[in-house]
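Student: In this note's numbering, the protein residues as written are -15 to 548.
#1: Suppose you measure from the CA of residue 476 to the CA of residue 72; what does that come to, to the nearest Å?
#2: Output the boundary residues of the alpha helix (DSSP H) element that contains residue 166.
#3: Nearest by alpha-carbon distance to residue 126: which of 18, 174 and 542 is it?
#4: Using the rule of at least 16 other Cβ atoms within 10 Å of the residue's Cβ for burial, across every protein chain shown, is residue 441 buried or exposed?
#5: Taking the alpha-carbon positions, what's the residue 369 to residue 78 distance?
#6: Whole angstroms are fine: how far does the CA of residue 401 sit from the CA of residue 431?
#7: Please state whether the Cβ-Cβ distance between residue 231 and residue 277 is less than 7 Å.
#8: Which residue or residues does DSSP assign as beta-bridge partners of residue 487?
#9: At which residues does the alpha helix (DSSP H) containing residue 330 begin and terminate?
#10: Counting Cβ pairs, one atom from each stretch, are 3 or more of them under 8 Å apart for the stretch 277 to 286 and the stretch 331 to 344?
#11: Between the stretch 86 to 100 and the stretch 257 to 273, can you find at least three pairs of beta-carbon atoms closer than 8 Å?
#12: Using a threshold of 7 Å, state whether the C-beta atoms of residue 519 and residue 423 are closer than that.
#13: Quick check on the burial criterion: 16 or more other C-beta atoms within 10 angstroms. Buried or exposed for residue 243?
#14: Distance check for residue 529 and residue 505, CA to CA, integer angstroms please.
#15: Taking just the CA atoms, how far does residue 17 sit from residue 102?
#16: Report the residue from 76, 124 and 222 whose alpha carbon sits nearest the alpha carbon of residue 180.
#17: Let me know the secondary structure DSSP gives residue 434 once reduced to three states.
#18: Does the contact criterion of 3 or more C-beta pairs under 8 Å hold for the stretch 317 to 332 versus the stretch 233 to 248?
#19: Tell me which same chain residues have a C-beta within less than 7 Å of the C-beta of residue 533, skipping the five on either side of it?
#20: Tell me residue 452's beta-bridge partners as DSSP assigns them.
#21: Tell me the rounded alpha-carbon separation between residue 492 and residue 129.
#22: Thinking C-beta only, is residue 310 closer than 7 Å to residue 363?
#23: Distance, Cα to Cα, residue 184 vs residue 297?
#24: Starting from residue 365, trace the beta strand (DSSP E) both ways and give me its first and last residue.
#25: Consult DSSP for residue 529 and reduce its assignment to one of helix, strand or coil.
#26: Does the distance from the C-beta atom of residue 86 to that of residue 41 stay below 7 Å?
#27: Given a cut-off of 7 Å on the beta-carbon distance, is the pair residue 257 and residue 218 in contact?
#28: Are residue 500 and residue 114 closer than 7 Å when you measure CB to CB?
#29: So what's residue 537 in DSSP terms, helix, strand or just coil?
#30: Leaving aside the five residues before and after residue 375 along the sequence, list all residues of the same chain whose C-beta is less than 8 Å from its C-beta, in chain order.
#31: Going along the chain, which residues of its own chain have a beta-carbon closer than 8 Å to the beta-carbon of residue 603, five neighbours each way excluded?
#32: Roughly how many angstroms lie between the CA atoms of residue 537 and residue 415, to the nearest whole one?
#33: Give me the DSSP bridge partner(s) of residue 397.
#34: Please return the same chain residues whose Cβ sits closer than 6 Å to the Cβ of residue 547, not counting the five positions on each side in sequence.
#35: With a floor of 4 residues, list each alpha helix (DSSP H) that falls wholly inside the stretch 235 to 305, ordered by position along the chain.
#36: Comparing C-alpha positions only, which one of 396, 56, 488 and 484 sits nearest to residue 466?
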């Protein structure tokens, strides 16, 4: 069980973080500090100082009376002065322990943070973590996550599209980031201050961080396992795959540098698309409460199939058949093998909950715009889900992002196009966005109107409807795509999952926000809470910043799942 003083400690840390932020008035630590990629005995510390020098101290108390280690941060050479972050990997830590760290730069500016190492397998202490994805630079300072730092989380997952390298923003007004400086400034922008707030710095200082990419860390909808000649945005050079081109390497290196992650690479995998490539995949355990599996669904994937343009079986049938083409991959063989082995390991060790973090949805949302999702790689999707079923791996939760809204559904699969749907006992929740205009709901309504799925009158009614009716309308639109194909409707009702809806619904599609996952130490039930604020546009934010930066996230959905 958690220390009974945990929440008092959390409050003290929040106050310390506020003090640390005040010490940054000289702006030499403009992005604060972060710690992440934690294991029971290690962590990676992170800071960026414009003085290009940082010393880290780690203590077991928030007053830093007991400092256990000190070290200097190191970072990439030959980068733009003051833009390159610095890191320090700390080892020899004690499992299940709260640590505090402080970064001091050459000018004496300081910033403080905290993290907790995971407990060892065999212990059940409960777990609290948060997840969101998808935030654009021009939408800062992200009030949708302003309550995260006070939550006392064990970790927070940055779930892809952490920058939009292919969107202009105030600090980088380009249609596509190209150089290291472009990409660095994109990351520094979202983790920097705007309108007097730096919510991401607060979040990253308050807990351990994990992170992965989606597409916009490089460019929209790229496929790293494709040949460069298939995408004119990439200069082939002598690269066999897009994941060896200069644009990809620059974008990935900048992402790696701006997050508290250790450098990991695949070895000789026998597959040229993964051999010696950067490895973002992670497997982490948190006592016997949960295991975390973080996927890179971009770097090794085959090109996406062309999307269907009309909702007719003449187009849908061939598309669905093509998704089952043997050998097509989203994850790459090496990463899929790691995931299977680690899922089996977690089940064998008696770890209860398994959270698979994959940026793109694995639930079937229908053939429209499905080529980029796992739905467009159905053969590999079936292989993974069948493995889970065949090996009786229980309590698997897929956590996804990318679609800029929260949709919850149980997961089924088919052995072939048109085949019977096979239950898996798993479910998915998509999270976010933290700030992408427009969210899933308004986007889907606009798409449906453009395809004449709805009338202008229906669209007008949606625009003025209260939130609960808007969510019902979106559910009807999505279910209208998936139910004719034999897929289960949205939600967990009627599924082989013991879930209780506490408040709201299984859709949150008209807001910006994040999702809390909480495992009770005693009952081991999983509580899932989505927080959000009304969405805003860039023009609205610029016209009246105070109106939007003071928005406070509220609970929009909550449900509880009992484990098997």
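For glycine and all other residues, C-beta sits at the position ideal for the given N, C-alpha and C.
Tutor: So, to answer that:
#1: The alpha-carbon atoms of residue 476 and residue 72 are separated by roughly 43 Å.
#2: Unbroken alpha helix (DSSP H) run through residue 166: 164 to 174.
#3: Nearest to residue 126 by alpha-carbon distance, out of 18, 174 and 542, is 174.
#4: Exposed: under 16 other Cβ atoms inside 10 Å.
#5: Here the alpha carbons of residue 78 and residue 369 stand approximately 36 Å from one another.
#6: Distance between the alpha carbons of residue 431 and residue 401 is about 26 Å.
#7: Not in contact: residue 231 and residue 277 (Cβ atoms no closer than 7 Å).
#8: When DSSP reads this structure, residue 487 sits in a beta bridge with 542.
#9: Looking at the DSSP string, the run of the alpha helix (DSSP H) that includes residue 330 is 317 to 332.
#10: These segments touch.
#11: Segments in contact, no.
#12: Contact: yes.
#13: By the neighbour-count rule (16 or more Cβ atoms within 10 Å), residue 243 is buried.
#14: Rounded to the nearest angstrom, the two C-alpha atoms are 41 Å apart.
#15: One Cα belongs to residue 102, the other to residue 17, and the distance between them is close to 20 Å.
#16: Between residue 180 and the set 76, 124 and 222, the nearest pair of CA atoms involves 124.
#17: If DSSP states are grouped into helix, strand and coil, residue 434 belongs with the helices.
#18: In the pairwise beta carbon analysis, the stretch 317 to 332 is classified as not touching the stretch 233 to 248: fewer than three pairs are separated by under 8 Å.
#19: Its chain contains 125, 127, 179 and 181 as the residues whose beta carbon lies nearer than 7 Å to that of residue 533, once the 5 sequence neighbours on both sides are disregarded; these appear in chain order.
#20: According to DSSP, residue pairing for residue 452 in a beta bridge does not occur.
#21: The straight-line gap from Cα to Cα measures roughly 15 Å.
#22: The beta carbons of residue 363 and residue 310 sit closer together than 7 Å.
#23: Spanning the two alpha carbons is a distance of roughly 45 Å.
#24: Run containing residue 365: none in the beta strand (DSSP E); it sits in the alpha helix (DSSP H), 362 to 374.
#25: It is helical.
#26: Yes; because the gap between Cβ atoms is below 7 Å, this pair is in contact.
#27: Taking 7 Å as the Cβ cut-off, residue 257 and residue 218 do not qualify as a contacting pair.
#28: With respect to residue 114, residue 500 sits close: the two C-beta atoms are nearer than 7 Å.
#29: Three-state result, residue 537: coil.
#30: Excluding positions up to five away in sequence, the list reads 327, 328 and 331.
#31: There is no way to answer for residue 603, as the model of the chain reaches only from -15 to 548.
#32: Going from the Cα of residue 537 to the Cα of residue 415 covers about 14 Å.
#33: 406, per the DSSP bridge assignment.
#34: Hits under 6 Å: 336, 379 and 508.
#35: Listed in chain order, the alpha helix (DSSP H) elements of length 4 or more contained wholly in the stretch 235 to 305 amount to none.
#36: Per the Cα distances, 396.
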